[in-house]
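The structure under discussion appears below in the form of structure tokens.
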Amino acid sequence: MRLPWRRGVALLLGVFLSTCCFQLISALDIPLEVLGRINIEQLPSITDQSPVSLIALPFEESFPVKCEATGNPEPEFKWTKNGQDFDPFLDPRLLTQEDSGTFVIPNNGNLTEFQGVYRCYAANKLGTAMSEKIEFIVPNVPKFPKEKIEPIEVEEGQPVILECNPPKGIPPLQIYWMTIGLQHIEQDERVSVGLNGNLYFSNAVQTDSRRDYCCFAAFPRIRTIVQKTAMSVIVSSTKSMSYSDSSRSSANSILERKPSLLLPSGDRTNKHLVKGEELLLECIGEGFPTPQMEWVKLGQKLPERAVVENHGKLLTIENVNEEDEGKYMCKAINAHGEAVHYFHVTVEEPPEWEVEPKSQLNMIGANVVIECSASGRPTPTVAWRVNGRPLSEVPSSKRTLRDDKIYIHNAGPGDSAVYQCEASNRHGTILTNANIMIMNLRPLILTENGVQYTVVEGKAVMMHCRVFSSPLSAITWSKVDSASAVEGPRFSVYKNGSLEIHSVEREDEGEYSCFTENTEGKSAISAVLEVKAPTRIVDPPQDLRILVGTTAQFSCQAELDPSFSEDYEIIWEKDGVALNDSESTGYIVDDEMLQIVNVSFRDQGVYVCVARSPVDEDSALALLTVLDVPDAPEDVVLAERRDRTVKLKWIPGDDHNSTTTEFIVEFEESQWKPGSWRELMRVPGNHHSALLKLHGHVDYSFRVSGVNEVGRGRSSGASERYRTPASAPDKNPENIKIEGHLPHEMDINWEPLPPMEHNGPGLEYKVSYRRQGSEEDWQEHMVKRHSFVVKNTPTFVPYEVKIQARNHAGWAPEPKTVVAYSGEDFFFRSCPPDVPSAAPDDVEVEVMNNSVVKVSWSRVHKDKLHGHLGGYRVNWWRLRSLLDSRKTHGDKHMLMFSGDRNHALIPGLRPFSEYSLIVMAFNGRGNGPGSHPVIFKTPEGVPDQAAVFRATDIQKHTVTLTWSPPAEPNGFLTGYILQYQLINNTEEVGPLESVNITGADTTKWLLQDLEPVSRYRFYLQSCTRAGCGPAASEESTTVPEAPSTDVPTFNIRQSRTRSPPTASVSPVLNSTLSSSIDLASIHGGISNQGWFIGLMCAVALLTLIVLIACFVNRNKGGKYSVKEKEDLHPDVESQGMNDDTFCEYSDNDEKPLKGSQPSLTGDMKDRDSGDSMVDYGDEDVHFNEDGSFIGEYGGRKERVSTEIKATNQSTA
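Quick note on the working numbering: the sequence shown kicks off at -6 and runs consecutively.
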């Protein structure tokens, strides 16, 4: 809300400091409040003048010479030029104004007449004020003289100086040496331009010979560049060069010599500078070899501000002061000697006021003292003037000059005057005017009467009583209800008349009077003081720590004086900016409440609640801290590499105001699970490195992420890879299970070592066993799998068993011994075991994706198992596609899961289908009853390939493609993506063009604008809402312009790849067909020639012979039955169990039992469950985190034949 400030009330929020005391006047002017009441004469004062140097630049239209002054009466102006009277009003060429001393010089081409030194005088009957000198400078246009410069001839190795001698002009001056083509002359240790503008060569070489050395002088202030006549330099080879051997360097023939200095001349230079200027010391040496330059300050180090430039030839110090004075030396050095030059640097100063005379107002009869002193180097001279005239020309018996001070005894009104003090030395002049007024005046109170002051209890208040008088007047303050003046430690009356009350109390409220008196009279005013209760924040906002992206809320409540209940506001600020009227949509202010929506890190900081009344305010701070997960660590590097350890170091990222509690180190290896990151270890948050213990024979990469109270942050980039050498296994297999499923047999199974723990190639296991308690030797067998069957064992006899791992690098540690019993004789048991008698309950199906579901159930009670639990078996079958309303009982599929478990993952399902599923338990004797069937549906997936895809109606520039929808669309078809590219017989192929076909019912498409006699490959993908499936491909060749020959076309049928496929045919056949295609395509116009028809017949006959030979060769060796084939190539994996018998259980938590999965596609006849995983070799096989097999199941690897058809196209 806005505060309705009251007019006429002075509101003081603390101690208010008043400014002027007019009784000890130090200003040049009497206050306007005084002049508004009485007419007081004033001495003239210069208020504005032109700078002491006024340069007439040629592009300016006019040049004002300023002089303005005030006084009462109005001053009159007078000018001098070069010490002589000058009246600008008498010269009609000058522009002047009434009541002003300023005149304007127009730029009409005659400026030189006005060049000179001007001074302005402003005078009235009381005195005269004087300005500083103003020099009006009219620069000449700089020009180089026209001259003919003779060529400079010099022997090689001798120094050369090209003089520039630039014309005088307005500084700054810039010198450039260039060629006629405006190419800069390169400068180095040998060639340089001096401060005087000359071009110096320490020693000349042949390449210095040229005829266009030009000096350019630039004057930026007048925007002028002038060029000197080009100079020619001819460098001749040395006369002593008489060697016949041309390979000898010319440098060897130059006479070497010690250095000397080209600049400056002599052995020493005195340098005088004004304090604050830039010191420039330059030395340019000559000699051969080219000398190097060095700089020193004798007796001291070079100042830190000293900079050596121009290849060591120039020493600069900016803004010099007294400390830079002293003796400097430059030294030119080469192998033959040195040359030195000394600089004596003196820093001087222009005049500067030590005591500047001040204007004064004094009463009649007072003794006046005017002081003026100045400093400088050399010491400035001080000259006094009165009303613009030297003091000696205006004698006075009352005035005395002594020690830079003027004394006026018993001053009267006639002694009022303007005194000028001028200090000067060779570096400049300074001037000041001091108005000395002698008069008496009764007290005038300039503060308004009846001003109301409001103050907060406990604060300080200043009540004013500004007085102008001469002589000084006495000022007293009193409270109206008290006869005496205010006094005490809480009350202060200042010389300017103000009353300050410290620590105001309620009793101080009331009306006050200010009374002032001098010899000329008296005066008084009153003032009212109102005391208010302070404003206090009673419920301040609290510090907050919140997550980025959430909403922060602050609240603030205050108490204040009851009279301000409708006249106060709560203001929220951040970084000094009020948020109440903020345009940012992130801040919502509702009086005492502040909300920050969607907090980001830029919102972090200190928020201020300000409770403000018309007289005071109170504030409270609250800190908003924004939290987030740590940033990713940086600079992850490997150090201290050993065979099986490495030290990982990193730099932590920003923890975003929440201390990092720990770092997670992850690894990725390139052999077993490339691209999969797994946690390796965790280290405390105050550690920035970790010693990693690694497995052998693994190619590692590492990354790090930080964890704080918010959560885990982003991971760093991957480190460089590190491969460990092979080593023996660190451990032996665990979870050894020994069971006797059959009499006289003992099945030994164990958990194999994970691939990461192999530590090297060639892992195998040594199985050792013997009867417990016997002295028999250990029976040992080496196996590569993780199971072993001991046959011909006694019935139910305890055995000691141990398993030890080994690889090519050595043996694992000595294993532990496990005791177990051999198999029981079921025939002689009194209570023969039976299959489980109960089915699992609470069977539920959770759909994970369009091909995988998770099945869960309640375990069968152990009393219903009737033996050792072997595991659970899941049977399922497809009822229908969701595109088909008819239900059919499809092929049954089965997976078996060993161990006591209550869930499993079922992979390989067909998308967009309805399934039925049952679960049953099994033991060593077989399967128990099945659960109640559960019906579930899979979501939509990508479709299969189009059932048929071929090119028809092939023309010169067009091809018609036809296809049939996929046999399994796996959802509602949304359209097709058709792609094609040129694939002529070259290594490079054309760009892949795409056509998006949105019609689901479209089965034909015409491609246009194709190249004639060119081979194309076409790809077709069917699409559903879930995406697009694998592509079917087709190849075809366009015909020439006049297709009069039967051109064979070739259809390559349905590649089973997701990417654009590459099909191959028999090399002989391919060669023959390619020849036919090329001949038909290229020579279609000669197909009616007899020799061509004969050639085609020969090719056809040759093709037929090759085909017959291939057919005979294939059937060579006689026929044999399929059964004999299987006997010759037995499928070890297929010799497993059928639906009711088992020989192995899976040791993996989720992996189905080996040999337990029949074909899932329905393309093959019912068979036993012995399909091995290699039957699905075309599919990606993965295991999820708990070991479940979740790859896409397919049928037996499909044998895809390549069908090649030749169709003759005849011309119409």
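Just so it is clear, CB atoms sit at the ideal spot from N, CA and C, and this is done for glycine as well.
Compute the Euclidean distance between the alpha carbons of residue i and residue j, then round it to the nearest angstrom.
i: residue 379; j: residue 480; result: 46 Å
i: residue 119; j: residue 502; result: 49 Å
i: residue 1136; j: residue 671; result: Only weak support exists for where residue 1136 lies, its pLDDT of 33 falling under 50; the coordinates are left without a value.
i: residue 885; j: residue 996; result: 34 Å
i: residue 540; j: residue 591; result: 9 Å
i: residue 1031; j: residue 973; result: 13 Å
i: residue 1100; j: residue 1094; result: 10 Å
i: residue 146; j: residue 343; result: 48 Å
i: residue 275; j: residue 296; result: 16 Å
i: residue 395; j: residue 125; result: 25 Å
i: residue 968; j: residue 595; result: 48 Å
i: residue 436; j: residue 529; result: 43 Å
i: residue 680; j: residue 834; result: 51 Å
i: residue 893; j: residue 831; result: 15 Å
i: residue 525; j: residue 619; result: 40 Å
i: residue 341; j: residue 416; result: 15 Å
i: residue 818; j: residue 777; result: With a pLDDT of 47 at residue 818, under the threshold of 50, the modelled position of this residue cannot be trusted; read the value that follows with caution. Distance between the alpha carbons of residue 818 and residue 777: 30 Å.
i: residue 510; j: residue 369; result: 46 Å
i: residue 100; j: residue 87; result: 10 Å
i: residue 770; j: residue 813; result: 18 Å
i: residue 1141; j: residue 690; result: Confidence at residue 1141 is low in this model, with a pLDDT of 39, below 50, so its placement is unreliable and no value can be given for it.
i: residue 876; j: residue 964; result: 7 Å
Please report the residue range of the beta strand (DSSP E) in which residue i lies.
i: residue 976; result: Where residue 976 is concerned, there is no enclosing beta strand (DSSP E), given that its DSSP letter is neither H nor E.
i: residue 670; result: That residue, residue 670, is in no beta strand (DSSP E); it is neither H nor E in DSSP.
i: residue 1242; result: In the structure as shown, the chain starts at -6 and stops at 1205, and residue 1242 therefore has no counterpart that could be examined.
i: residue 1222; result: Limits of the chain in this structure are -6 at one end and 1205 at the other, which puts residue 1222 out of reach.
i: residue 711; result: Per DSSP, residue 711 belongs to no beta strand (DSSP E) and is neither H nor E.
i: residue 279; result: 277 to 281
i: residue 749; result: Neither: residue 749 is in no beta strand (DSSP E) and is coded neither H nor E.
Does DSSP classify residue i as helix, strand or coil?
i: residue 855; result: helix
i: residue 407; result: helix
i: residue 1126; result: Its pLDDT being 34, under 50, residue 1126 is placed unreliably by the model, and the measurement read from it follows with that caveat. The answer is helix: DSSP assigns residue 1126 an H, G or I state.
i: residue 1087; result: helix
i: residue 636; result: coil
i: residue 297; result: coil
i: residue 689; result: coil
i: residue 731; result: strand
i: residue 1098; result: helix
i: residue 993; result: coil
i: residue 247; result: coil
i: residue 965; result: coil
With a cut-off of 8 Å on the beta carbons, I'd call residue i and residue j a contact; round off their distance for me.
i: residue 434; j: residue 456; result: Rounded, the Cβ-Cβ distance is 24 Å, inconsistent with contact.
i: residue 98; j: residue 58; result: 7 Å
i: residue 94; j: residue 61; result: 6 Å
Would a C-beta distance cut-off of 8 Å place residue i and residue j closer than the cut-off?
i: residue 756; j: residue 798; result: yes
i: residue 962; j: residue 909; result: no
i: residue 722; j: residue 768; result: no
i: residue 917; j: residue 863; result: yes
i: residue 904; j: residue 883; result: no
i: residue 199; j: residue 230; result: yes
i: residue 447; j: residue 523; result: yes
i: residue 271; j: residue 217; result: no
i: residue 1025; j: residue 944; result: no
i: residue 345; j: residue 366; result: no
i: residue 252; j: residue 327; result: yes
i: residue 906; j: residue 874; result: yes
Say whether chain B places a C-beta atom closer than 8 Å to the C-beta of residue i.
i: residue 381; result: This model lacks chain B altogether; it includes just one protein chain.
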